[in-house]
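Notes follow the structure.
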Amino acid sequence: MFKLNKLIISASIAASAALFMTACNGDDTSTAGASHSGATASAVAYTNGKAVIDGGTTYPVINGKTSDYVIDKQAESETFNYGRTPTANEIAAWDTDVTHIKLPPEGSGSVEEGEELYEEKCVMCHGDFGSGGGGYPSLSKGNAVELQKTLTNQRFDPDADGPSRFFGSYWPQASTMWWYIHDGMPHPMTKSLSVDETYALTAYMLNINEMVVDGVEVDDDYVLDQEKFAKIVMPNVDGFEPEIRGKDGVENVRAYFQVASNFGGQKVNPSERCMKDCLEPTAKATYISGTGISDFLPPMATVRDLPKAEGGFDAKAAYESNCAMCHASYLAPGSSDWKGYTAHGMDQVYAKGIAGTEGGMPPKGGSSLSDKDFKTLVDYMVSGK
Amino acid sequence: MSNKEIKNSQAEVEVSNDMNTQLSDRRAFFKKAALSVGALAGTGLLANEHAASGEDDPFIMHHVKWGQKLGDPVTKNRYGMPSEYEHNVLRRNTKLLASGNFQASIAVTPIHESMGIITPNGLFFSRSHGGVAHVDPNEYRLMIHGLLEKPIVLTLDQLKKYPSVTRTHFIECPANGGQEWRGPQFNSLQFAKGFMSCAEWTGVYLKDILKDLGVKPEAKWILAEGSDNSEMGRTIPMDKVMDDAMIVYGQNGEALRPEQGYPVRILLPGWEGNLCVKWLKRIKLSDEPFFAKEETSKYTALKPSGKAIQHFYANEVNSTVTSPSPEIPWKDLKVGELVEIEGLAWSGMGTITGVDISFDGGKNFVEANLKGLVLPKCWTRWSYTYKYEGKKIVLASRAMDDAGYIQPTIDQETLITGIEAVYHRNGIETWEVSEDGTVNHMQMRSTLKRDETGKVVIDKEAK
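As given, the protein sequences belong to chains Y and G, one line each in that order.
Residue numbers are given in this note's numbering: position 256 of the first sequence equals residue 256, and the series is strictly consecutive.
Residue numbers are given in this note's numbering: position 275 of the second sequence equals residue 660, and the series is strictly consecutive.
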């Protein structure tokens, strides 16, 4: 092992020498005769002489082959003109990304409106004030600037707090949140929020993360618009490496992955790899604590027999697969929570379950059960048996 | 695939086949049949004509039940299914690996049952962020726009007109093994290492499409975006596009399965499965990256410095013992008998050049043997024929690739990356094989701490 540690350092030298040699990517195919034996430094450069961006190997075409695959030379040389030019409207309809250099469309929304929307469309999964729950992601655990400081936390002591990787404390760009809310949320019916609603929900996200934008606290009266959005600076904007923004972004990535120690890699000359006494003297056997995680679906089995005859509809299994994620804590099977719903008769409970609710439950909980089986499932959830 | 689905599809075909057989074959059959097969079939196992004693295996001495009655007609199972006896070979999931529901979740491959280097399509691991989308191929469109002279829209048929390319590559979720940074949690090979699969992919080199579209020199990145519920998108550098990125529609000789992005996904050989965007709808060329949700909030690897690695593309060199496994331990071995220890090795950075095996948890190694096809960014089989000694051993494997990387020990890896990285863990894994052949997942690791300067070091006083 100690041999290995020394070798990491020398490994990247040859490769980094290949950096910045030529300009554009991959359009130089005049490499016939170059060798690509894995052990040499040239093996880790593209045909244009640049180091491979991920720190790995590339396989230039040599004698008509890339590694063991024969290349179709015509495919490389002929011109193919398939498809058609998209219209401006078509491009606009799909060109919906929002980034650090591409603002959302003009519009506005307030924290207050955002909170209302959140209560209506988001809280059932993301919890009160974005606190999470049922396995769905938390959106805030408090003050973004304070929680950003927890990112150095490491649970070497199993009882220690881990790092807080939430929107406010971790995400480098607010554009990511706007874009994702607009195109990827709410989860059961995405791409259903207007531009103004997206501003409102983004404003609420800034609010529950106790953010400050351009010196102004995002309080309950705050109204977010495009101009203010452009001024949001996330507390962890510089918390990532390598730096990918700007004209050197790609070259920063390339340089980063040439240094194995940046990302925990180990380089070695195969003939010098450790074969004896390769563990630290302090390394000891660490076993799974208790039974570990073993709630596998379906349960682990390797027996070769005939599948058991299909019984009737298994409501409990259907609950586990379709409902348990949301209905484990509230309205769980047999829970007294159901009393508020069953008072109006089971037919109403069935009907709401089949149609879905404004509270965010998708029709039939997102399952593809028949109405009959779904009703059996509802009976199970109300009664617990 | 569920048993119910197997049964249903078989039942459906059976009904139509029965009718078919009755209508066309029945008369001819009875005319030609010399024996009354029907009479024999009802009697179960019939002794054959040879003498039998108690030592003889009844499955040899008797006609087996499938050996006398007619089997299925070829008209049954128009799409073939595994033997019903294989019904436990399944993708599995667990609640821990779900972001709330089983739409934003993963079901992993039973690699303890995998053979060779190809994963059958029905067992290929399935990960989605808003459920598996069911795309109508007639409504499918792929748009390529941004920093190029000639933006285009392609239908699926038009995409398939380009000269096709076929390559065999694994796809691995970078969270494979990511639940075990702080210690082993799964006594299961399927869950410890099964967030990956390997297939033969058919499609088009993206560079072959782009070369005729006038890519502008300032284009440094692309966005690949899915059309699913979550519009999963990722930024990819043009370097990869001009190297080996493919737009694929074929998987092991047939169309992609919905779980793998039917009808079209992008395949970035060796790179994070998450980057290989499924249900692909849009490619946009840009001079700046996109900061998509799954390359900021997730799929970034936090280091002890508090900085996180972003754009951590390649799945690094890795390996595991696949036989024995916690699921399929050694049984019925006699001391002195030979037994094959088998495993997989893979690297997203290149081609596997060697695998070493250890019997003492990674302290000392000997060389194992690679076997079969050894291809870039592809599962590679390795094996070692071991003489069983009837005593406890602790198996560990360590792979190397042609980019010059070797798998780190857990200590080597965690001293640099800490234990909160979630993604890209490739430290050497260990399986303890007891005297009775049972297998338990364990790890060989030191306790870490921070020294007074904040540096992560081994805690030498740890109990």
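All residues carry an ideal CB built from backbone N, CA and C; glycine is no exception.
Residues of chain Y with CB closer than 7 Å to the CB of residue i, please, in chain order.
i, result
"residue 734(G)", "54, 55, 56, 57"
"residue 827(G)", "285, 286, 287"
"residue 539(G)", "82, 83"
"residue 543(G)", "82, 83"
"residue 473(G)", "301, 302, 303"
Using a cut-off of 9 Å between C-beta atoms, extract the partners of residue i located in chain Y.
i, result
"residue 519(G)", "Those do not exist, as residue 519(G) stays about 11 Å from chain Y at its closest Cβ, beyond 9 Å."
"residue 746(G)", "279, 283, 285"
Can you check whether the C-beta of residue i is within less than 9 Å of a C-beta belonging to chain A?
i, result
"residue 608(G)", "Among the protein chains in the structure shown, which are Y and G, there is no chain A."
Roughly how many angstroms lie between the CA atoms of residue i and residue j, to the nearest whole one?
i, j, result
"residue 825(G)", "residue 784(G)", "21 Å"
"residue 69(Y)", "residue 385(Y)", "59 Å"
"residue 547(G)", "residue 553(G)", "19 Å"
"residue 257(Y)", "residue 55(Y)", "5 Å"
"residue 706(G)", "residue 236(Y)", "40 Å"
"residue 41(Y)", "residue 786(G)", "In this prediction, residue 41(Y) has a pLDDT of 40, which is less than 50 and means its spatial position is unreliable; what the coordinates show is noted afterwards. Spanning the two alpha carbons is a distance of roughly 14 Å."
"residue 683(G)", "residue 137(Y)", "11 Å"
"residue 397(G)", "residue 606(G)", "The predicted position of residue 397(G) is uncertain, since its pLDDT is 47 and thus under 50; no value can be drawn from it."
"residue 340(Y)", "residue 351(Y)", "15 Å"
"residue 510(G)", "residue 575(G)", "10 Å"
"residue 621(G)", "residue 539(G)", "20 Å"
"residue 714(G)", "residue 726(G)", "11 Å"
"residue 712(G)", "residue 751(G)", "25 Å"
"residue 142(Y)", "residue 161(Y)", "15 Å"
"residue 536(G)", "residue 463(G)", "41 Å"
"residue 497(G)", "residue 630(G)", "30 Å"
"residue 559(G)", "residue 452(G)", "47 Å"
Name the chain G residues that come within less than 7 Å of residue i, Cβ to Cβ?
i, result
"residue 81(Y)", "597"
"residue 69(Y)", "552"
"residue 297(Y)", "477, 478, 479"
"residue 180(Y)", "678"
"residue 125(Y)", "485"
When the Cα of residue i is compared with those of the options, which residue comes out closest?
i, options, result
"residue 173(Y)", "749(G), 776(G), 676(G), 525(G)", "676(G)"
"residue 555(G)", "610(G), 679(G), 795(G), 657(G)", "657(G)"
"residue 194(Y)", "347(Y), 64(Y), 283(Y), 108(Y)", "108(Y)"
"residue 579(G)", "436(G), 508(G), 680(G)", "508(G)"
"residue 90(Y)", "436(G), 666(G), 648(G), 437(G)", "666(G)"
"residue 845(G)", "833(G), 619(G), 527(G), 762(G)", "833(G)"
"residue 158(Y)", "725(G), 632(G), 568(G)", "568(G)"
"residue 129(Y)", "203(Y), 67(Y), 87(Y)", "203(Y)"
"residue 638(G)", "505(G), 612(G), 598(G)", "505(G)"
Starting from residue i and walking both ways along the beta strand (DSSP E), at which residues does that stretch end?
i, result
"residue 198(Y)", "From DSSP, residue 198(Y) is part of no beta strand (DSSP E) but of the alpha helix (DSSP H) over 195-208."
"residue 786(G)", "778-786"
"residue 610(G)", "606-611"
"residue 285(Y)", "284-287"
"residue 765(G)", "765-772"
"residue 741(G)", "737-743"
"residue 711(G)", "Per DSSP, residue 711(G) belongs to no beta strand (DSSP E) and is neither H nor E."
"residue 636(G)", "631-636"
"residue 266(Y)", "Taken as a continuous stretch (DSSP letters only), residue 266(Y) belongs to no beta strand (DSSP E), as it is neither H nor E."
"residue 555(G)", "550-557"
"residue 622(G)", "618-622"
Return helix, strand or coil for residue i, following the three-state DSSP convention.
i, result
"residue 681(G)", "coil"
"residue 127(Y)", "coil"
"residue 317(Y)", "helix"
"residue 297(Y)", "strand"
"residue 386(Y)", "Past the edges of chain Y, shown from 1 to 385, lies residue 386(Y), and the structure says nothing about it."
"residue 91(Y)", "helix"
"residue 303(Y)", "coil"
"residue 664(G)", "coil"
"residue 371(Y)", "helix"
"residue 451(G)", "coil"
"residue 365(Y)", "helix"
Show which residues of chain G have a CB atom less than 9 Å away from the CB atom of residue i.
i, result
"residue 170(Y)", "681, 682, 685, 687, 693"
"residue 226(Y)", "Going along chain G, no residue has its Cβ under 9 Å from residue 226(Y), so there is no contact; the nearest lies around 18 Å."
From what residue to what residue does the alpha helix (DSSP H) around residue i run?
i, result
"residue 342(Y)", "339-342"
"residue 183(Y)", "174-184"
Any heavy atom of the ligand PLP closer than 8 Å to the beta-carbon of residue i?
i, result
"residue 278(Y)", "Here there are no bound small molecules, and the ligand PLP is not part of this structure."
What residues from chain Y crowd round residue i, counting only those whose CB sits closer than 8 Å?
i, result
"residue 785(G)", "268, 270, 273"
Taking Cβ-Cβ distances shorter than 8 Å, what residues in chain G pair up with residue i?
i, result
"residue 194(Y)", "Here the premise fails: no neighbours, minimum Cβ distance about 17 Å."
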